[in-house]
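All remarks here apply to the structure that follows.
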Ligand code: TXA
Ligand code: MG
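In this note's numbering, the protein residues as written are 1 to 357.
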């Protein structure tokens, strides 16, 4: 507890708005990264918590600040494609094709690591995940630092990923010296993680969808654990999948089915819970909001454009979590960006699902 308090009070956390002060903010950030300190920065997916990705001691500080299990590896962020050559033993042929199609952007690629990458960053694995973000601030920070930046999402472990600088401050105030504030993130869910060790396999779905990947490289597999819990004794393809991620304190319940049926079932469940004195709230969509009149709800986005649901999900979970004991959310078909949405939602719900049909 004392050690915990000490880390929590170690810094006066500065927030610099990079929409107004891009140069000054990234100069300061790069200076801190080179000194082995941590810097939170915006990306087009979620905010990252960065450290010098070639410095094992600096990387260890990320795990301390997040309270992250030591066996969960990090992503190395680069500012140009050619930087992967130093990080991977060799560049797989498919990787080059995918980098040309999707970088910079929300796609992380995993291949055999080089000796340059410290074991602390890969949690002892002999592979390393690399991504080139599209966000301008992120790339300026990496380029000015002169090293790849190892960065997980900038939340405390187990909390929803941060999609605004305020979310980062909620979780990291006093734990890190600097947050670069670039406004809300475009996608709101973390990057697609694709392993290129063996058959190309999606370990975590994101805004670069299965359909988009297959259009470029042909068949791509999806790890089974994307939409179901890990089984007892199963070895995780990606260590991150075994943790109860994106976990709000409130209980989250997913209701699957056509919009109208799902909404009617949610209303019935809401009324029952309310009668028992349970504070409820609904993650609603444009299509169903009228069904929820008189109840507490937040509109995430449009069911027919799952990317809008992705963009609103984590912020809505954080917001509702302070108010509600139970959150109801509609399930959608796991297609296109709907796969990323359902992957995050099911994890937030601890896989509690009700079929409305
Ligand atoms: O969009 C994103 O990817 C954000 C931004 C900051 O770039 N970062 C992010 O990092 O989401 P993180 O650490 O929260 O998630 C990385 C995921 C974890 O599930 C981890 O287990 C997996 O990638 N991962 C990293 N390296 C891996 C490896 N070598 N093999 C298998 N899985 C790996
Ligand atoms: Mg994370």
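Note that beta-carbon positions come from the ideal geometry of N, C-alpha and C, so glycine has one too.
Just so we're clear, the structure is a prediction, and the values are computed from it rather than from any experiment.
From residue i to residue j, what distance separates their C-alpha atoms?
| i | j | result |
| --- | --- | --- |
| residue 329 | residue 284 | 7 Å |
| residue 101 | residue 193 | 15 Å |
| residue 41 | residue 166 | 12 Å |
| residue 162 | residue 156 | 9 Å |
| residue 315 | residue 96 | 34 Å |
| residue 54 | residue 339 | 33 Å |
| residue 353 | residue 227 | 12 Å |
| residue 128 | residue 224 | 21 Å |
| residue 181 | residue 46 | 12 Å |
| residue 34 | residue 77 | 15 Å |
| residue 133 | residue 26 | 15 Å |
| residue 168 | residue 21 | 19 Å |
| residue 233 | residue 178 | 40 Å |
Less than 8 Å between the C-beta atoms of residue i and residue j, yes or no?
| i | j | result |
| --- | --- | --- |
| residue 331 | residue 255 | yes |
| residue 237 | residue 209 | no |
| residue 317 | residue 309 | no |
| residue 151 | residue 87 | no |
| residue 141 | residue 30 | yes |
| residue 109 | residue 116 | no |
| residue 303 | residue 259 | yes |
If contacts are defined as beta-carbon pairs under 8 Å, then residue i and residue j qualify, I think. What distance do you get, rounded to the angstrom?
| i | j | result |
| --- | --- | --- |
| residue 51 | residue 38 | 5 Å |
| residue 271 | residue 356 | The Cβ separation is near 15 Å, so there is no contact. |
| residue 123 | residue 70 | 6 Å |
| residue 139 | residue 79 | 5 Å |
Could you check if residue i is buried or exposed, using at least 16 other CB atoms within 10 Å of its CB as the buried criterion?
| i | result |
| --- | --- |
| residue 48 | buried |
| residue 326 | buried |
| residue 145 | buried |
| residue 82 | exposed |
| residue 249 | exposed |
| residue 119 | exposed |
| residue 68 | buried |
| residue 1 | Summary for residue 1: the model assigns pLDDT 41, below 50, so the residue's position carries little reliability; its value from the coordinates is reported in the next sentence. So residue 1 ends up on the exposed side. |
In the DSSP assignment, what residue or residues form a beta bridge with residue i?
| i | result |
| --- | --- |
| residue 112 | 127 |
| residue 50 | 39 |
| residue 285 | 301 |
| residue 256 | 355 |
Taking only heavy atoms of the ligand GDP into account, decide whether any of them is closer than 7 Å to the Cβ of residue i.
| i | result |
| --- | --- |
| residue 152 | For the structure depicted, the ligand GDP is absent and the ligand set comprises only the ligand TXA and the ligand MG. |
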